[in-house]
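Right, one structure below, let's go through it.
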Amino acid sequence: EYLKVNDGLHGKLYLSPLGAIIGSPNASSYGVGRNPGESGRLLEIGVFFSPESLIYAKAAEWFEELFSKASTVDQGRLTSAPENSRELVPLGSRGSVSKLPFLCRLRDFPQNFPNVRIAIAVGDLDNKKAEASRIDLATALNVTTRELDYIVVAQNNKGDNLPRFGGNLILIWLNGLKMEISTYVDCLTWPRNNPDTIFGVEDRNGFWEKINLTPCADKLTNKETMQLRHFFNKNDNRWVFTSDEFALILSELKL
Numbered sequence: 164e165y166l167k168v169n170d171g172l173h174g175k176l177y178l179s180p181l182g183a184i185i186g187s188p189n190a191s192s193y194g195v196g197r198n199p200g201e202s203g204r205l206l207e208i209g210v211f212f213s214p215e216s217l218i219y220a221k222a223a224e225w226f227e228e229l230f231s232k233a234s235t236v237d238q239g240r241l242t243s244a245p246e247n248s249r250e251l252v253p254l255g256s257r258g259s260v261s262k263l264p265f266l267c268r269l270r271d272f273p274q275n276f277p278n279v280r281i282a283i284a285v286g287d288l289d290n291k292k293a294e295a296s297r298i299d300l301a302t303a304l305n306v307t308t309r310e311l312d313y314i315v316v317a318q319n320n321k322g323d324n325l326p327r328f329g330g331n332l333i334l335i336w337l338n339g340l341k342m343e344i345s346t347y348v349d350c351l352t353w354p355r356n357n358p359d360t361i362f363g364v365e366d367r368n369g370f371w372e373k374i375n376l377t378p379c380a381d382k383l384t385n386k387e388t389m390q391l392r393h394f395f396n397k398n399d400n401r402w403v404f405t406s407d408e409f410a411l412i413l414s415e416l417k418l
């Protein structure tokens, strides 16, 4: 009830018992700085009004009217925020983010990977099980396996069911001494009720275009590989994560 959102609001009004500021700066490091006495990086403009002024009273009245009509921020709003804003990058532009190592992108800016899951794979798939899932899915969709433009990209061999999801996928695959990165679009999990396999279309350019980021390398660096190997050794009970979940894991690694 104390945090609301207005989809069309762009003006900036800062109200407190000390006065009101009406102007252009966002409440960010670029707009107002990060430390006391520090200015932001952008040229901004604003006007201060004391609490006794008529403008202060009018500004407070305007704010209360907007606030009363605004929607309360619920879990749905929080979940959709990164996709709706498209530019939730706390400390840099998308250009600077694209220069970061791949795992650092995931760790520091998970909001730039909306509707993306990260899957971890070690070793080869069970081809017999994979083909059975492919035939089952083709039957459900009433197409032949040749018409089914999906590739089995990850498979749960531990007996645990997958969370159902659809969207895009990053597959980090331990192949010998190297960890390879593959990206898939239009993914789905199968079977419907108790999924154990992820299907998707491998599309490197399409994946990065969907999230509006520069493609990363298709292999992890030696340092990233070493850190993830350490993670694999300690965590063998989970293998598919949301970007937020994976960011929390990466924050504990020394990248």
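In terms of our numbering, the sequence shown is numbered consecutively and its last residue is 418.
Backbone N, C-alpha and C define an ideal beta-carbon position, used for all residues, glycine too.
Item	Value
Those runs of the beta strand (DSSP E) which lie wholly inside the region 317 to 386 and span at least 3 residues	329 to 338, 341 to 353 and 360 to 365
For Val279, the three-state DSSP class (helix, strand or coil)	strand
Beta-ladder partner(s) of Thr307, from DSSP	Note: Thr307 sits in no beta bridge, so no partner.
Local Cβ density within 10 Å of Arg327, reported as buried at 16 or more and exposed below that	exposed
Status (buried if at least 16 other CB within 10 Å, exposed otherwise) for Ile208	exposed
Secondary structure of Tyr177, DSSP reduced to three states	strand
9 Å Cβ cutoff met for Pro378 and Arg392	no
Assigned exposure category for Val210 - 16 Cβ within 10 Å defines buried	exposed
Per-residue DSSP class, three states only, for Ala284	strand
Length of the line joining the Cα atoms of Ser191 and Asn278	26 Å
Other residues of its chain near Leu304: CB distance less than 8 Å, five sequence neighbours each side excluded	Leu311
Contact set for Leu254: own chain, Cβ-Cβ below 6 Å, skip 5 residues either direction	Here Leu254 scores only 43 on pLDDT, less than 50, and its place in the model should not be relied on; the value that follows carries that caveat. Excluding residues within five positions, none has a Cβ falling inside 6 Å.
Neighbourhood of Asp349 by C-beta distance below 7 Å, restricted to the same chain and skipping five residues each side	Gly363 and Val364
Reduced DSSP secondary structure (H/G/I, E/B, other) of Val210	strand
Per-residue DSSP class, three states only, for Leu251	Confidence in Leu251 is poor, its pLDDT being 48 and thus under 50, which makes the residue's placement too unreliable to answer from.
Assigned exposure category for Val316 - 16 Cβ within 10 Å defines buried	buried
Cβ distance (whole Å) where Ala223 is taken to contact Leu269 below 8 Å	Wrong, their Cβ atoms sit about 42 Å apart, outside the cutoff.
Cα-Cα separation between Leu251 and Trp353, rounded to whole angstroms	Any answer about Leu251 is weak, because its pLDDT of 48 lies below 50 and its placement is not dependable; what the coordinates show is given next. Looking at the two C-alpha atoms, the distance is approximately 32 Å.
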